[in-house]
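Enquirer:
There are 2 protein chains.
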Amino acid sequence: MCIGFVPKEFLNTDAQGQVMTAYTATVTVRLKQGVLDPEAETTRQALDRLGFELESLRSADQFEIDLDAESASNAEERAGEMAERLLANPTIHDYTVAIEER
Amino acid sequence: MCIGFVPKEFLNTDAQGQVMTAYTATVTVRLKQGVLDPEAETTRQALDRLGFELESLRSADQFEIDLDAESASNAEERAGEMAERLLANPTIHDYTVAIEER
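Residue numbers (our numbering), protein chains in the order written: chain V, 1 to 102; chain L, 1001 to 1102.
1) Whole angstroms is fine: what's the gap from Tyr-23 (chain V)'s alpha carbon to Leu-50 (chain V)'s?
2) By the 9 Å beta-carbon criterion, what residues does the stretch 36–58 of chain V contribute toward chain L?
3) Please determine, among L:Gly-1034, L:Gly-1017, L:Glu-1055, the residue with the shortest C-alpha to C-alpha distance to Arg-1044 (chain L).
4) List the residues of chain L that Thr-28 (chain V) touches, going by C-beta distances under 7 Å, in chain order.
5) Please list the residues of the stretch 68–92 of chain V that have a C-beta atom closer than 8 Å to any C-beta atom in chain L, keeping them in chain order.
6) Strictly under 7 Å for the Cβ-Cβ distance: is Ile-65 (chain V) near chain L by that measure?
7) Buried or exposed, going by whether 16 or more other CB atoms sit within 10 Å of the CB of Thr-1028 (chain L)?
8) Quick one: measure Cβ to Cβ for Ala-60 (chain V) and Arg-85 (chain V), integer angstroms, because I've assumed they're closer than 8 Å.
9) With 16 other CB atoms within 10 Å as the buried threshold, where does Ala-1098 (chain L) fall?
10) What's the C-alpha gap between Gln-18 (chain V) and Glu-76 (chain V)?
11) When DSSP labels each residue in this structure, what does Asp-166 (chain V) get in the three-state scheme?
12) What does the alpha-carbon distance come out to for the pair Asn-1035 (chain L) and His-1093 (chain L)?
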């Protein structure tokens, strides 16, 4: 049997002897400064009516992503790409990525 | 001019000699283990279709609350009450509170 050339993309990274580590990437997506957040304002007013004293309230979406990667920086890079492509809208959102081992 | 009795509620806490510190309380509200999260599942599938490799994805709501308090523990207690009363639904949610000085 002839085993021909196998493009690198079709090899499992594990099969290349790469040790994969399990990480959790936490992507926090916030509205940019100056973008109106009527939902947060409604929540602030509701807390105010319940008698709580607070200066201001901002809301954010958080995504906890479990992924396997060769290194923390690789995991961070991939989570950043996920934010750019899907999780955040760069016109109105800022995002931060935090990485920790699982 | 007669200055009569001023009920305590109308006095600014600062005026009582209490030193107030500015804190930011971050309340993170997550679905309890076992509660279905179709939105997160849809997001995971969309990332999968875009070619990202990930094990799982969980979503959470985060509230950043600016408040003045006598101490970090007082700020934490008040933010916890806000979570109990309004921000989280104890039937389906868990929450965590993190405090830092502004």
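Ideal placement from N, C-alpha and C gives every residue a C-beta, glycine not left out.
Expert: Working from what's here:
1) 40 Å
2) Ala-40, Thr-43, Arg-44, Ala-46, Leu-47, Leu-50, Phe-52, Glu-53, Leu-54, Glu-55, Ser-56, Leu-57, Arg-58
3) L:Glu-1055
4) Gln-1062
5) Asp-68, Arg-78, Glu-81, Met-82, Arg-85, Leu-86, Leu-87
6) yes
7) buried
8) Going by Cβ atoms, the distance from Ala-60 (chain V) to Arg-85 (chain V) rounds to 19 Å, so no, they are not a contact pair.
9) exposed
10) 17 Å
11) This structure leaves residue 166 (chain V) out entirely; chain V is present only between 1 and 102.
12) Per the sequence shown, the amino acid found at residue 1035 (chain L) is Val instead of Asn. The alpha-carbon atoms of Val-1035 (chain L) and His-1093 (chain L) are separated by roughly 9 Å.
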